[in-house]
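Q:
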Amino acid sequence: MSLKYTAEHEWVQSGADHVTVGITHHAQDALGDVVFVELPEVGKHFKAGDVAGVVESVKAAADVYMPLGGTITEVNEALRDDPALANSDPLGAGWFFKVRLDNAADVDGLMDEAAYQALTA
Amino acid sequence: MSDASSANAPLQTTPLHALHLELGARMVPFAGYSMPVQYPSGLMAEHVHTRTQAGLFDVSHMGQLTLSGPQAALAFESLMPVDVVGLAPGRQRYGLLLNAEGGILDDLMFVNRGDDLFVVVNGARKVADLAHLQQRMGTQCTITPLPDQALLALQGPMAVTALARLVPGVTSLVFMTGASFNWEGVPLFITRSGYTGEDGFEISIAANQADGFARALLAQPEVLPVGLGARNSLRLEAGLCLYGQDLDTTTSPVEAGLTWAIQKSRRSGGERAGGFPGAKRVLRELTQGPTRCRVGLVAQERVPVREHTPLQTPEGTSVGEVCSGLLGPTCNQPIAMAYVPRELSAAGTVLHALVRGKPVPMVVQAMPFVPTRYYRG
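Protein sequences, first through last, are from chains A and B.
Under the numbering used here, the first residue of the first sequence is numbered 125, with each subsequent residue one higher.
Under the numbering used here, the first residue of the second sequence is numbered 24, with each subsequent residue one higher.
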């Protein structure tokens, strides 16, 4: 399954009725060892670009933005308990939250792999 | 230590710059220098390695200088609330340059080398410090900056083992002493001190020999390179102040809890009491107590509480802000330092940090957060 990306260094993976969101390998590398995440409340609705969470390393804190408008359906409780998953497996076990999009077609407007690679090159 | 750096000015590099790049360091501007914030192993691993083995730090951005001449100690003492005259040869001491209001211009370390005083000041303050010393004591002694000396710190419980393979004599040093040595004919001045709370050494070496010596240290199995990121988390766990963040020209040594650095001879009733800038305020605060105090804080939730986070009483009265804070990698909890009114400075006092608007309870706790392990012989 191909991933889509935002300029704020989040990845978005489309599922059957929701998308999964996490931070990119580039983002976790720039932050360093992640020691804390703040995840949104399940059921809460955000607009695209809203701050939906926080990710912190020993030396820095960064906001996690809602990539597209939608409602949070699930958050990664395992990441709350073991924030280092964001470093060790950012595209897998280190996912942040799942969203039911207001408009599923919005995903098509995000960057593809090549565009994101060009952004971070 | 200081994190102040002037924007836009071209960055200086240390004699280990090429080595940092070769080791894959992430370089950041710090005190006007391009400095390694971390190496590929990462801040957490570097921190833990320093607490368990030995970490090598490039601190060549710091200012090194000597003060010489028969009046040097007395002149230096006139600028600090510290006993310089009484410091025995071979001994090192912590010092504080004060302004006329008793505010801290810089914190520093100095050694009585017999022929001179060897002084190490913060990188971001070294130009201002030199001007201050020249103006205030330039006619009483010779002030010699040492821009062609690099400074390395080797810190951690295995530092002595690693360094002694190259420089066997260092085992004779104890905490806060220093002496001259050599490595393959290269002169070194080494003190047994540092800024991590661990046993360790600071090594002054000619800039053009520093790369080779650093490589020889890194070849020791105990030693990994460690960047400024871990240096900051290590010093905060040890309860040590960062100039520019925890100390500045508005904080007095008494407010900062640095009264241990003010020897009896400089206090009221001592042989050379007062006579330093800001003495009136400092001596008054020593007897009457300061209005605010630097305290250590530990969060009761696992949320990092960073610098500038507002602090309030549980009832909601604003009492200041955090000056340094992070999740301590060794103590494994969020720790912070802050200045709070004296009546709120007792251990056990509960304050609320407002993290993104949400109150996080923090408890005042004695520092260090991680026990120091200096080698006192």
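Note that CB positions come from ideal geometry on N, CA and C, so glycine has one too.
Computed from a predicted model, the values in this text were never measured in an experiment.
1) Per the contact definition of three or more C-beta pairs closer than 8 Å, is the stretch 273 to 286 of chain B in contact with the stretch 236 to 246 of chain B?
2) Can you check DSSP and say which residues form a bridge with Ile213(B)?
3) Is the beta carbon of Phe141(B) closer than 8 Å to that of Val150(B)?
4) So for Phe236(B), helix, strand or coil by DSSP?
5) Taking Cβ-Cβ distances below 8 Å as the criterion, which residues of the stretch 146 to 177 of chain A are in contact with chain B?
6) When the cut-off is 8 Å and only beta carbons count, does Ser347(B) lie next to chain A?
7) Are the beta-carbon atoms belonging to Val188(A) and Val166(A) less than 8 Å from one another?
8) Closer than 9 Å, Cβ to Cβ, to anything on chain A: give me those residues from the stretch 309 to 335 of chain B, in chain order.
9) Where DSSP assigns a beta bridge to Glu278(B), which residues make up the other side?
10) Below 7 Å, is the gap between the Cβ of Glu124(B) and the nearest heavy atom of the ligand SAH?
11) Rounded to whole angstroms, what's the CA-CA distance from Ser25(B) to Gly339(B)? Just pull it up for me.
12) Suppose only complete runs of 4+ residues qualify. What are the alpha helix (DSSP H) ranges in the stretch 291 to 334 of chain B, listed by chain order?
13) Do you know how far the Cα of Phe220(A) is from the Cα of Pro164(A)?
14) Taking 8 Å as the threshold (beta carbon to beta carbon), is Ser25(B) in contact with chain A?
15) Given a cut-off of 8 Å, decide if Pro327(B) and Leu350(B) are closer than it, judged by their beta-carbon atoms.
16) In three-state DSSP terms, what is Leu127(A)?
17) Please determine if the stretch 178 to 187 of chain B and the stretch 218 to 226 of chain B are in contact, where contact requires at least 3 C-beta pairs separated by less than 8 Å.
18) Per the contact definition of three or more C-beta pairs closer than 8 Å, is the stretch 247 to 256 of chain B in contact with the stretch 74 to 84 of chain B?
19) When you compare the CB positions of Pro38(B) and Ala230(B), do they come within less than 8 Å of one another, or not?
20) Does Pro402(B) have its Cβ less than 8 Å from a Cβ in chain A?
21) Counting only Cβ pairs nearer than 9 Å, list the residues of chain A close to Met199(B).
A: According to the data block:
1) no
2) Counting from 1 along the second sequence, the entry for residue 213(B) is found at position 190. For Ile213(B), which the question treats as bridged, DSSP gives the partners Ala202(B), Ile226(B).
3) In the second sequence, counting from the first residue as 1, residue 150(B) sits at position 127. In the second sequence, counting from the first residue as 1, residue 141(B) sits at position 118. No, the Cβ-Cβ distance between Val150(B) and Phe141(B) is not below 8 Å.
4) Position 213 of the second sequence holds residue 236(B). Reduced to three states, the DSSP call for Phe236(B) is helix.
5) Gly156, Asp157, Val159, Phe160, Glu162
6) Here residue 347(B) is taken as the residue at index 324 of the second sequence, counted from 1. Judged by the 8 Å Cβ criterion, Ser347(B) is not in contact with chain A.
7) Locating residue 188(A) in the first sequence gives position 64, counting from the first residue. Locating residue 166(A) in the first sequence gives position 42, counting from the first residue. No.
8) Arg325, Val326, Pro327, Arg329
9) Locating residue 278(B) in the second sequence gives position 255, where the first residue counts as 1. Bridge partners of Glu278(B): none, in fact.
10) Here there are no bound small molecules, and the ligand SAH is not part of this structure.
11) Within the second sequence, the letter at position 2 stands for residue 25(B). Within the second sequence, the letter at position 316 stands for residue 339(B). With a pLDDT of 42 at Ser25(B), under the threshold of 50, the modelled position of that residue is not reliable, and no figure is offered here.
12) 302 to 311
13) Start at 1 with the first residue of the first sequence, and residue 164(A) comes out as number 40. Start at 1 with the first residue of the first sequence, and residue 220(A) comes out as number 96. If I take the Cα positions, the gap works out to 9 Å.
14) For this step, residue 25(B) is matched to residue 2 along the second sequence. Any reading at Ser25(B) needs caution, since the residue's pLDDT is 42, under 50, leaving its predicted position unreliable; the model's value is listed next. So, not an interface residue.
15) Taking the first residue of the second sequence as position 1, residue 350(B) is located at position 327. Taking the first residue of the second sequence as position 1, residue 327(B) is located at position 304. Pairing Leu350(B) with Pro327(B) gives a Cβ-Cβ distance under 8 Å.
16) One-based indexing of the first sequence puts residue 127(A) at position 3. In the structure shown, Leu127(A) sits in coil (DSSP, three-state: anything other than H, G, I, E or B).
17) yes
18) yes
19) Mapped onto the second sequence, residue 38(B) falls at position 15. Mapped onto the second sequence, residue 230(B) falls at position 207. Result yes, Cβ atoms of Pro38(B) and Ala230(B) sit closer than 8 Å.
20) Limits of chain B in this structure are 24 at one end and 400 at the other, which puts residue 402(B) out of reach.
21) Along the second sequence, read from residue 1 onward, the residue named residue 199(B) stands at position 176. Those do not exist, as Met199(B) stays about 28 Å from chain A at its closest Cβ, beyond 9 Å.
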